[in-house]
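S.K.:
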């Protein structure tokens, strides 16, 4: 039996509820008008840490919760859909959350990162820049990148937080402010 079998069983229990019928009619407009970018670390599960329920938020997770070119493309697409399909609907808050003790800090290990980038053909400097050594600093950097991104509507407020694994608390490090585009 695979490790995933337990999740298939949980899915069957979920499917037996009415939760799947209580989702947004428009897939890119979550109930709480919130778009969260955070780390894929299992210790930072948005459903547990933020209480995010099905349909409430768009959640994008990647290593370190960093704003990468792929992240910007996703943000641009959602922003475009919103402008094109629902221009009069409420706009969303875009929130970046980095956390303490992030495994992406290993990108700062020159030997480990070098082996990875050489073997996979990635740009070493770009990968090194993804390290979250000081989550407050990297959140501010990513929030600034989003606010200046021309693919994001000026109707979106962008903010940033640090999640502390030890306390379980969020600390705001970048107050909500509209994108400048």
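In my numbering, the protein residues as written are 79 to 259. The beta carbon of each residue, even a glycine, is placed where N, CA and C say it ideally should be. Owing to the predicted nature of the structure, the values given are computational and were not obtained by experimental measurement.
From which residue to which residue does the alpha helix (DSSP H) around residue 224 run?
M.R.: Segment 213 to 226, the alpha helix (DSSP H) holding residue 224.
S.K.: Quick one: is the Cβ of residue 156 within less than 7 Å of any heavy atom of the ligand MN?
M.R.: The ligand MN is absent from the structure shown, which contains no ligands of any kind.
S.K.: DSSP three-state call for residue 254: helix, strand or coil?
M.R.: strand
S.K.: Decide yes or no for the touch test of the region 169 to 189 against the region 142 to 158: beta carbon pairs closer than 8 Å, at least 3 of them.
M.R.: yes
S.K.: Can you name, in chain order, every residue of its own chain whose Cβ lies under 7 Å from the Cβ of residue 243, other than the five neighbours on each side?
M.R.: 121, 177, 178, 179
S.K.: Please report how far the alpha carbon of residue 223 lies from the alpha carbon of residue 151, in whole angstroms.
M.R.: 13 Å
S.K.: Answer with buried or exposed for residue 87, where buried requires no fewer than 16 other C-beta atoms within 10 angstroms of its C-beta.
M.R.: The residue in question, residue 87, is exposed, as its Cβ has fewer than 16 Cβ neighbours within 10 Å.
S.K.: Out of curiosity, what's the CA-to-CA distance linking residue 106 and residue 94?
M.R.: If you take the alpha carbons of residue 106 and residue 94, they lie about 25 Å apart.
S.K.: Please classify residue 138: is it buried, with 16 or more other beta-carbons within 10 angstroms of its beta-carbon, or exposed?
M.R.: buried
S.K.: What whole-angstrom Cβ distance do residue 254 and residue 166 have, given they're in contact under 8 Å?
M.R.: With 8 Å as the limit, residue 254 and residue 166 do not qualify as a contact, their Cβ atoms being about 21 Å apart.
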